[in-house]
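Residue numbers (UniProt numbering): 1 to 123.
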């Protein structure tokens, strides 16, 4: 915002910013006009593009608190899901949404924070 501008000359622009890596301390950075404009224009969207703002649990006002709550509950949910999937022998299938003739089959489930090296087919 314009309130963060400290000074501007023919060659340089100085502005305030918050350094999150240094305990959220406010600092002043001085850049050449060309570099300042280059960085500033990275935030300008192309014509016909619309900025998407986060809402729900990703909203800035509650992100840390909600994500901590979700992660604390994730360990409990993961145990329940594993118990349910161990006893399942049926292979669910659905008609193809595009051609309505083929059959879509579930071949695997990915957990959110697990790395997967291979997918084993169930059919």
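Ideal Cβ positions, reconstructed from N, Cα and C, are used throughout, including at glycine.
Check: Classify residue 16 as helix, strand or coil using the three-state DSSP reduction.; Outcome: strand
Check: Within 10 angstroms of the Cβ of residue 130, are there 16 or more other Cβ atoms? Answer buried if so, exposed if not.; Outcome: This structure cannot speak to residue 130, because the chain is shown only from 1 to 123.
Check: For residue 13 and residue 70, what's the separation of their Cα atoms in angstroms?; Outcome: 42 angstroms
Check: Using the DSSP secondary-structure output, state which residues sit across from residue 50 in a beta bridge.; Outcome: Answer by DSSP bridge pairing: none, since residue 50 is not bridged.
Check: Quick check on DSSP: helix, strand or coil for residue 69?; Outcome: helix
Check: What is the DSSP secondary structure of residue 64, counted as helix, strand or coil?; Outcome: helix
Check: Provide the residue span of the beta strand (DSSP E) that contains residue 5, from first to last.; Outcome: 5–8
Check: By DSSP, does residue 45 sit in helix, in strand, or in coil?; Outcome: coil
Check: Are there 16 or more other CB atoms within 10 angstroms of the CB of residue 15, so buried, or fewer, so exposed?; Outcome: buried
Check: Please list the terminal residues of the continuous beta strand (DSSP E) segment that includes residue 104.; Outcome: 103–105
Check: Assuming contact is defined by CB atoms lying nearer than 7 angstroms, are residue 18 and residue 26 in contact in what I supplied?; Outcome: yes
Check: How is the beta strand (DSSP E) around residue 32 delimited, first residue to last?; Outcome: 25–32
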